[in-house]
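Protein chains in written order, with our numbering: chain W, 6 to 392; chain Y, 3 to 254; chain F, 7 to 162. Note that CB positions come from ideal geometry on N, CA and C, so glycine has one too.
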């Protein structure tokens, strides 16, 4: 089925070539970073994790969100999601590949990355994170490949795929829980060391993922005339609404704990995010934008009249996605490390190299999703035409 | 539920494996302190004596830098320091006290890796590139294995670890050939001069102290000098509430 | 064959590019500089036989790496006794033992490595010039309180 990637319209090829150019630029930027070391980033002795790990954290959520379409369809026979499961699984594959690439470019010695598997360390959440990401990628590749092939041949998928699909559901939850454990077990970082880290991660995942899926489905309807139907989109919107509500609720819970308890060093992180600290106001505009977007998106999603209007739904989903991206992909990591363990505020803003590499990796993920969606949609179009 | 032999055997197998697996899993999650250390090396840093003779601070730092090929990186954000000076109010953040004498608040204190008994950096390292030695309690680094993920730096509550953002040899004027330099992309920190201790010498920072500003010794030896000093004077440690059990004691 | 002409031309171009190392060398023969090793003048005995060292010095160094760093076993043993070089116990150290005798890296190590186009990354960290230690010391030297046991010596 891979040959379907190479057959496409002029618009398709323009898009693919554009993505390949971005990937190429990102690769060159990475080679520069590989040669010079991570000094080309703005990370410092105090801000040890930056945009790469932040994007990884955010994208693990998007990857985990595939479970939100797989679970209703396979476990509860919700037939309306029949057309979407493959799109969710392909989105997961693209996201997991992006996650692994972001980790790879963040390593000081990326060529030694196999040491994680050569010297397994069960007490390290990072070891389990690698295992679970790899496993999740394999699961989704197998499941999507088998499901699509079965659809193409007009038969039901073989029975042995059912247990694998069932496994992928808790596995999806586990990848994001493990990623949350990376942060929530660190006594050194009071902003991260919160039991609600894992639930918050899952809530943002199940909001951002379906929101992105809605955007992609509406895009596909405009570009390719493939329409999943309004019923699945509405269900996805409801899932995203509940998840976003939970996310905002959890954020307010965290604010309450930090502010009511009055523990100075816990409050400082929130102060840094929303009001600036020691002259560093970098993240303030982004965090307020994130909050405003969250409120707007919730108003749009909670009102049935707005939610049922697909044009407004598109914008609501974009706001959900952006709000969560600003919160997790920009705010969370840097706020956890600022102020440092010694109370210093060190500024961080990604350098051009970091931006180019990140852009290249996003382009890589988009390319994979484009290619996989192209395969799925071509298969379906050819099935329809053959009737 | 009806019971038959097959079900019974399955249940027994499950229960046995859970029972056997329970302790190791608990060990992994609960981060138990290893209590079977033969020696437990520790340092006592006497802040008062150092304030009386402030040039000692620079002497210690310089000795460490020279012995271990630590580069002098101009960009403070990317600097590498194994032992360094920090103002008291930053070194002991948890001792927030408006009425500590101003002079003490701003005085420099020597900070280094605390070689904790319960090191969070060791728990999180995915490749065991850092570990706590059984024979003497030093938290060691293996620069061959480190992949530079910097998880240990995120986990360390004391900011003791530095990362090689670039090739350190670019900023080294003279090299001590008895000790390797490191390469870009690995995390490094004080290793309590394990290579000097192996030859029977004192750590470099201790050796340049003439008046017990830093005392080095084995806490497991009840007759050692360090035990005597600690039993006579009140000492504080950094962030003791975190459960890391740091082994660098400060006498104010 | 469809597009037969284009395919044949492409195959020929591919073969030309693929075999370029061979024919560029025919046209312009340059003998690779054979390794000319300069052995150390002052020391005659190495820690093992030459043939063994030629074949296994990489594995040896790998073993040393884990023994010294991870197990804190630092001194070399031969036949149950510590191996002495010039009367001193030999450490399992690239810089301190190997380069102590083979102190001319360019005319020894690099000769074979360059010939085979091998660039071991050991030299990124391990210093290739051996100089004696020079650390400032306090005039009143304090004796180590603790009894540092003699390190367990490794079997070679």
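Can you tell me the Cβ-Cβ gap for residue 66/W and residue 214/W, rounded? I've got them flagged as a contact below 8 angstroms.
Here residue 66/W refers to the residue found at position 61 of the first chain. Here residue 214/W refers to the residue found at position 209 of the first chain. About 7 angstroms separates the CB atoms of residue 66/W and residue 214/W; that is less than 8 angstroms, so the two are in contact.
Check the Cβ-Cβ distances between residue 152/Y and every residue of chain W, and say whether any is below 8 angstroms.
Stepping through the second chain from its first residue, residue 152/Y is reached at position 150. By this cut-off, residue 152/Y is an interface position.
Taking residue 253/W as part of the alpha helix (DSSP H), name the residues at either end of that continuous run.
Here residue 253/W corresponds to residue number 248 of the first chain, with the count starting at 1. Following the DSSP letters along the chain, one finds residue 253/W inside the alpha helix (DSSP H) bounded by residues 235-266.
Proximity winner among 201/Y, 238/Y and 207/Y, relative to residue 96/F (alpha-carbon distances)
Position 90 of the third chain, counted from the start, is the residue given in the question as residue 96/F. Looking at the Cα atoms, 201/Y is the closest of the given residues.
Residue 113/Y bridges to which residues according to DSSP?
The residue given as residue 113/Y occupies position 111 in the second chain. Under the DSSP definition of a beta bridge, residue 113/Y partners with 86/Y.
Keeping to the same chain, check which residues put their C-beta closer than 7 angstroms to that of residue 104/W; ignore five residues upstream and five downstream.
As a first step, residue 104/W must be located in the first chain, where it is residue number 99. So the list reads 61, 64, 65, 68 and 138, once near-sequence residues are dropped.
Leaving aside the five residues before and after residue 377/W along the sequence, list all residues of the same chain whose C-beta is less than 8 angstroms from its C-beta, in chain order.
For the purposes of this step, residue 377/W is taken as residue 372 along the first chain, with counting starting at 1. Excluding positions up to five away in sequence, the list reads 95, 98, 99 and 149.
Among 8/W, 335/W and 279/W, which has the Cα closest to the Cα of residue 264/W?
The residue given as residue 264/W occupies position 259 in the first chain. Answer by Cα proximity: 279/W.
What's the call for residue 44/W, buried or exposed, on a 16-neighbour Cβ count within 10 Å?
On the first chain, position 39 is the one that residue 44/W refers to. By the C-beta density criterion, residue 44/W is buried, having at least 16 other C-beta atoms within 10 angstroms.
Does any C-beta atom of chain F lie closer than 8 angstroms to the C-beta of residue 34/Y?
If you number the second chain from 1, residue 34/Y lands on position 32. Summary for residue 34/Y: the model assigns pLDDT 48, below 50, so the residue's position carries little reliability; its value from the coordinates is reported in the next sentence. No - not a single Cβ of chain F is within 8 angstroms of the one on residue 34/Y.
Compare the C-alpha of residue 49/W against each of 339/W, 362/W, 234/W and 363/W and name the closest.
Numbered from its first residue, the first chain carries residue 49/W at position 44. Of the listed residues, the one whose Cα sits closest to residue 49/W is 339/W.
DSSP beta-bridge partners for residue 97/F?
On the third chain, position 91 is the one that residue 97/F refers to. DSSP, once it has assigned bridges, lists 81/F as partnering residue 97/F.
Suppose you measure from the CA of residue 21/F to the CA of residue 27/F; what does that come to, to the nearest Å?
Locating residue 21/F in the third chain gives position 15, where the first residue counts as 1. Locating residue 27/F in the third chain gives position 21, where the first residue counts as 1. Across the structure, residue 21/F and residue 27/F are spaced so that their CA atoms are roughly 11 angstroms apart.
Within this structure, are the beta carbons of residue 58/Y and residue 211/Y separated by less than 8 angstroms?
On the second chain, residue 58/Y is found 56 positions in, with the first residue counted as 1. On the second chain, residue 211/Y is found 209 positions in, with the first residue counted as 1. Going by C-beta atoms, residue 58/Y is nearer than 8 angstroms to residue 211/Y.
Touching or not, the stretch 112-129 of chain Y and the stretch 126-142 of chain W, by the rule of three or more beta carbon pairs under 8 angstroms?
Yes: at least three Cβ pairs fall under 8 angstroms.
Short of 6 angstroms in beta carbon distance, which residues of its chain neighbour residue 193/W, apart from the five on each side in sequence? Order them along the chain.
Here residue 193/W corresponds to residue number 188 of the first chain, with the count starting at 1. Hits under 6 angstroms: 346.
Report buried or exposed for residue 115/Y, applying the criterion of at least 16 other Cβ atoms within 10 angstroms of its Cβ.
The residue given as residue 115/Y occupies position 113 in the second chain. Buried.
Since residue 322/W and residue 245/W are thought to touch, with beta carbons under 8 angstroms apart, how far apart are those beta carbons, to the nearest angstrom?
Working through the first chain from its first residue, we reach residue 322/W at position 317. Working through the first chain from its first residue, we reach residue 245/W at position 240. A Cβ-Cβ separation of about 7 angstroms places residue 322/W in contact with residue 245/W under the 8 angstroms criterion.
For residue 65/W, return the contacting residues in chain Y, with the cut-off set at a CB-CB distance below 9 angstroms.
For the purposes of this step, residue 65/W is identified with residue 60 of the first chain, where counting begins at 1. Within 9 angstroms Cβ-Cβ: nothing; residue 65/W doesn't reach chain Y, min ~15 angstroms.
Residue 48/Y by DSSP, collapsed to three states: which one?
As a working mapping, residue 48/Y is identified with position 46 in the second chain. Assigned with DSSP and collapsed to three states, residue 48/Y falls in strand.
Taking 8 angstroms as the CB-CB cut-off, is residue 176/W touching chain Y?
Here the question's residue 176/W lines up with position 171 in the first chain. The beta-carbon of residue 176/W is placed no less than 8 angstroms from the nearest beta-carbon of chain Y.
Around the C-beta of residue 19/Y, are 16 or more other C-beta atoms found within 10 angstroms, so that it is buried, or is it exposed?
Here the question's residue 19/Y lines up with position 17 in the second chain. Around the beta carbon of residue 19/Y, fewer than 16 other beta carbons lie within 10 angstroms, which makes this residue exposed.
Sub-8 angstroms separation of residue 302/W and residue 328/W beta-carbons:
For the purposes of this step, residue 302/W is taken as residue 297 along the first chain, with counting starting at 1. For the purposes of this step, residue 328/W is taken as residue 323 along the first chain, with counting starting at 1. Yes, the pair counts as a contact, with Cβ atoms nearer than the cut-off.
Within 8 angstroms of any Cβ in chain B, is that where the Cβ of residue 147/Y sits?
Protein chains W, Y and F are contained in the structure displayed, whereas chain B is not.
Would you mind working out which of 238/Y, 221/Y, 175/Y and 148/Y sits nearest residue 138/Y, comparing C-alpha positions?
The count along the second chain starts at 1 and reaches residue 138/Y at position 136. With distances taken between Cα atoms, residue 138/Y lies closest to 221/Y.
Residue 201/Y by DSSP, collapsed to three states: which one?
Looking up residue 201/Y in the second chain gives position 199. Coil, per DSSP.
Does DSSP classify residue 343/W as helix, strand or coil?
Along the first chain, read from residue 1 onward, the residue named residue 343/W stands at position 338. Of the three classes helix, strand and coil, the one that applies to residue 343/W here is coil, per DSSP.
With DSSP as the reference, identify every bridge partner of residue 220/Y, one or two as the case may be.
Start at 1 with the first residue of the second chain, and residue 220/Y comes out as number 218. Looking at the DSSP assignment, residue 220/Y forms a beta bridge with 43/Y.
Between residue 24/Y and chain W, is the shortest Cβ-Cβ distance under 8 angstroms, so that the two count as touching?
Within the second chain, numbered from 1, the residue matching residue 24/Y stands at position 22. Contact with chain W is absent for residue 24/Y, since none of that chain's Cβ atoms lies less than 8 angstroms from the residue's Cβ.
Is residue 123/Y near residue 154/Y, with beta carbons less than 8 angstroms apart?
One-based indexing of the second chain puts residue 123/Y at position 121. One-based indexing of the second chain puts residue 154/Y at position 152. A contact, by the Cβ cut-off of 8 angstroms.
Starting from residue 143/Y, trace the beta strand (DSSP E) in both directions and tell me its first and last residue.
Position 141 of the second chain holds residue 143/Y. Where residue 143/Y is concerned, the enclosing beta strand (DSSP E) stretches over 141-143.
Count the CB pairs spanning the stretch 367-376 of chain W and the stretch 21-35 of chain W that are closer than 8 angstroms, and state whether there are at least three.
With a cut-off of 8 angstroms on Cβ pairs, the stretch 367-376 of chain W is in contact with the stretch 21-35 of chain W, counting three or more such pairs.
Give the DSSP bridge partners of residue 47/W, in chain order.
Mapped onto the first chain, residue 47/W falls at position 42. Per DSSP, residue 47/W has no beta bridge partner at all.
Alpha helix (DSSP H) runs wholly inside the stretch 86-123 of chain W, at least 4 long, in chain order:
Taking only runs of at least 4 residues, the alpha helix (DSSP H) segments lying wholly in the stretch 86-123 of chain W are 90-111 and 120-123.
Leaving out the 5 sequence neighbours to the left and right, which residues in its chain are closer than 7 angstroms to residue 134/W when beta-carbon positions are compared?
Residue numbering aside, residue 134/W sits at position 129 when the first chain is read from its first letter. Excluding sequence neighbours, residue 134/W sits near 183, 184 and 187.
If we ignore side chains and look at the alpha-carbon of each, how far apart do residue 267/W and residue 201/W end up?
Translated into the one-based positions of the first chain, residue 267/W becomes position 262. Translated into the one-based positions of the first chain, residue 201/W becomes position 196. Taking the straight line joining both Cα atoms gives about 18 angstroms.
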